[in-house]
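Undergrad:
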Amino acid sequence: MRMRAKVSCTYGGEGISKAIAVALRPDSHQTPKGIRVATDARGTQVVSTIELDSKIETLLATLDDLLACTSTAESIL
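Each residue of the sequence shown is one higher than the one before, starting from 3 at the first, in my numbering.
1) Could you say if the segment 43–54 and the segment 14–25 meet the contact criterion of at least three C-beta pairs nearer than 8 Å?
2) Along the chain, where does the alpha helix (DSSP H) containing leucine 69 start, and where does it finish?
3) Starting from glutamine 47 and walking both ways along the beta strand (DSSP E), at which residues does that stretch end?
4) Taking DSSP's pairing of strands, which residues face valine 39 in a bridge?
5) Hey, how far is the Cα of proline 34 from the Cα of proline 28?
6) Does threonine 72 pass the burial test, meaning 16 or more other C-beta atoms within 10 Å, or should it be called exposed?
7) Please report the straight-line C-alpha distance between serine 50 and cysteine 11, rounded to a whole angstrom.
8) By a C-beta neighbour count over all protein chains shown, 10 Å radius and 16 as the cutoff for buried, is leucine 68 buried or exposed?
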(Lines of atoms letter the chains of each structure in order from A and count residues from 1; the text may use other names and numbers.)
(Lines give C-alpha, C1' and ligand atoms only; values in the text may rest on other atoms or scores of the structure.)
Protein backbone atom coordinates (compact mmCIF):
# COMPACT_ATOMS: atom_id res chain seq x y z
CA MET A 1 0.00 0.00 0.00
CA ARG A 2 1.33 3.46 -0.94
CA MET A 3 1.44 5.79 2.07
CA ARG A 4 2.48 9.35 2.78
CA ALA A 5 2.97 11.25 6.03
CA LYS A 6 3.89 14.89 6.58
CA VAL A 7 5.39 16.27 9.80
CA SER A 8 5.60 20.02 10.34
CA CYS A 9 7.37 21.67 13.29
CA THR A 10 7.42 25.41 13.96
CA TYR A 11 10.39 27.14 15.60
CA GLY A 12 11.16 30.60 16.97
CA GLY A 13 13.18 31.74 13.99
CA GLU A 14 14.32 30.90 10.48
CA GLY A 15 17.88 30.23 11.63
CA ILE A 16 16.71 27.52 14.00
CA SER A 17 14.46 25.90 11.41
CA LYS A 18 17.28 25.87 8.85
CA ALA A 19 19.68 24.29 11.36
CA ILE A 20 17.14 21.57 12.24
CA ALA A 21 16.45 20.85 8.55
CA VAL A 22 20.17 20.57 7.78
CA ALA A 23 20.64 18.22 10.75
CA LEU A 24 17.84 15.96 9.46
CA ARG A 25 18.91 15.84 5.81
CA PRO A 26 21.54 13.08 6.12
CA ASP A 27 18.75 10.74 7.25
CA SER A 28 16.78 11.69 4.15
CA HIS A 29 19.53 10.43 1.84
CA GLN A 30 20.22 7.12 3.58
CA THR A 31 16.80 5.49 3.41
CA PRO A 32 16.10 1.91 2.42
CA LYS A 33 14.85 1.18 -1.08
CA GLY A 34 11.21 2.15 -1.52
CA ILE A 35 11.22 4.82 1.21
CA ARG A 36 11.55 8.51 0.38
CA VAL A 37 12.10 11.14 3.08
CA ALA A 38 12.36 14.83 2.17
CA THR A 39 13.00 17.60 4.71
CA ASP A 40 12.97 21.33 4.02
CA ALA A 41 12.99 24.56 6.01
CA ARG A 42 10.12 26.85 5.06
CA GLY A 43 10.43 30.06 7.01
CA THR A 44 10.12 29.15 10.67
CA GLN A 45 8.82 25.66 9.85
CA VAL A 46 10.58 22.40 9.12
CA VAL A 47 8.48 20.14 6.92
CA SER A 48 9.34 16.47 6.44
CA THR A 49 7.45 14.21 4.04
CA ILE A 50 7.72 10.44 4.10
CA GLU A 51 6.50 8.36 1.15
CA LEU A 52 6.68 4.60 0.94
CA ASP A 53 5.09 1.55 -0.55
CA SER A 54 5.16 -0.85 2.36
CA LYS A 55 3.44 -1.84 5.59
CA ILE A 56 2.02 0.61 8.15
CA GLU A 57 4.59 -0.66 10.65
CA THR A 58 7.37 0.58 8.36
CA LEU A 59 5.77 4.02 8.16
CA LEU A 60 5.40 4.20 11.95
CA ALA A 61 9.02 3.12 12.49
CA THR A 62 10.22 5.73 10.00
CA LEU A 63 8.15 8.44 11.71
CA ASP A 64 9.57 7.36 15.07
CA ASP A 65 13.14 7.64 13.72
CA LEU A 66 12.43 11.06 12.22
CA LEU A 67 10.94 12.39 15.46
CA ALA A 68 13.82 10.98 17.53
CA CYS A 69 16.34 12.71 15.26
CA THR A 70 14.32 15.93 15.44
CA SER A 71 14.30 15.78 19.24
CA THR A 72 18.07 15.26 19.31
CA ALA A 73 18.67 18.21 16.97
CA GLU A 74 16.38 20.41 19.09
CA SER A 75 18.21 19.49 22.29
CA ILE A 76 21.55 20.50 20.77
CA LEU A 77 20.39 23.94 19.66
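Heads up, the beta-carbon is just placed ideally off N, CA and C, and yes, glycines get one too.
TA: Walking through what the data contain:
1) yes
2) Position 67 of the sequence shown, counting from 1, holds the residue named residue 69. Unbroken alpha helix (DSSP H) run through leucine 69: 58–78.
3) For the purposes of this step, residue 47 is taken as residue 45 along the sequence shown, with counting starting at 1. 47–55 is the span of the beta strand (DSSP E), which, as asked, contains glutamine 47.
4) Along the sequence shown, read from residue 1 onward, the residue named residue 39 stands at position 37. In DSSP, valine 39 forms a bridge with Ile52.
5) On the sequence shown, residue 34 is found 32 positions in, with the first residue counted as 1. On the sequence shown, residue 28 is found 26 positions in, with the first residue counted as 1. The straight-line gap from Cα to Cα measures roughly 13 Å.
6) Taking the sequence shown and counting its residues from 1, one reaches residue 72 at position 70. It is buried - the Cβ of threonine 72 has at least 16 other Cβ atoms within 10 Å.
7) Position 48 of the sequence shown holds residue 50. Position 9 of the sequence shown holds residue 11. Computed Cα separation, rounded: 9 Å.
8) Numbered from its first residue, the sequence shown carries residue 68 at position 66. Per the 10 Å Cβ criterion, buried.
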